[in-house]
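Once you know that position 15 of the sequence shown is 15 in the UniProt record's numbering, the rest is easy, because the numbers rise by one and skip nothing. The beta carbon of each residue, even a glycine, is placed where N, CA and C say it ideally should be. Quick caveat, the model's predicted, so the values are computed rather than measured. Below you'll find the structure, written out as structure tokens, and then a few comments.
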Amino acid sequence: MADQYADSGDDKRPTEIPALRWEEPPEGPVLVLLDQTRLPAEEVELVCTDAPALVEAIRSLAVRGAPCWASRGVRRRARRRTGL
1 MADQYADSGD
11 DKRPTEIPAL
21 RWEEPPEGPV
31 LVLLDQTRLP
41 AEEVELVCTD
51 APALVEAIRS
61 LAVRGAPCWA
71 SRGVRRRARR
81 RTGL
């Protein structure tokens, strides 16, 4: 099957939100996750500001698969950094 966007001249592909990304706003570092429990109806982002928020996102299956494993690595690194 051909790509419906391949030769249209206008790239009207839907904007993709990454499953997870790291941001460092002035308030402190955060992990932003795509809430997979809300897909495909909505694209909602969860902002995890601490380890308990990340644990809850994993437990509630808001993040799963490869992004889940990546977020667990971020959590481990944060724990080593802060000594929690």
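Neighbourhood of residue i by C-beta, 8 Å cutoff - its chain only, sequence neighbours within 5 removed
i, result
"A2", "Bear in mind that a pLDDT of 47 at A2, under 50, signals an unreliable position, so the number given afterwards is only what the model happens to contain. For A2, where only same-chain residues beyond five positions count, there are no Cβ hits under 8 Å."
Assigned exposure category for residue i - 16 Cβ within 10 Å defines buried
i, result
"residue 132", "The structure shown does not extend to residue 132, since the chain is modelled only from 1 to 84, so the question has no answer here."
"E34", "The sequence shown places Leu at residue 34, not Glu. Buried."
"A41", "exposed"
"L31", "buried"
"L20", "buried"
"L39", "exposed"
Continuous alpha helix (DSSP H) stretch holding residue i: start and end
i, result
"L54", "A51 to R59"
Residue range of the beta strand (DSSP E) that includes residue i
i, result
"V63", "From DSSP, V63 is part of no beta strand (DSSP E); its letter is neither H nor E."
"L34", "V30 to L34"
"V47", "E45 to C48"
"R21", "L20 to E23"
Sequence-distant residues of its chain with Cβ nearer than 7 Å to residue i (five each side left out)
i, result
"E43", "I17 and L34"
Within 8 Å, strictly: CB atoms of residue i and residue j
i, j, result
"Q36", "A53", "no"
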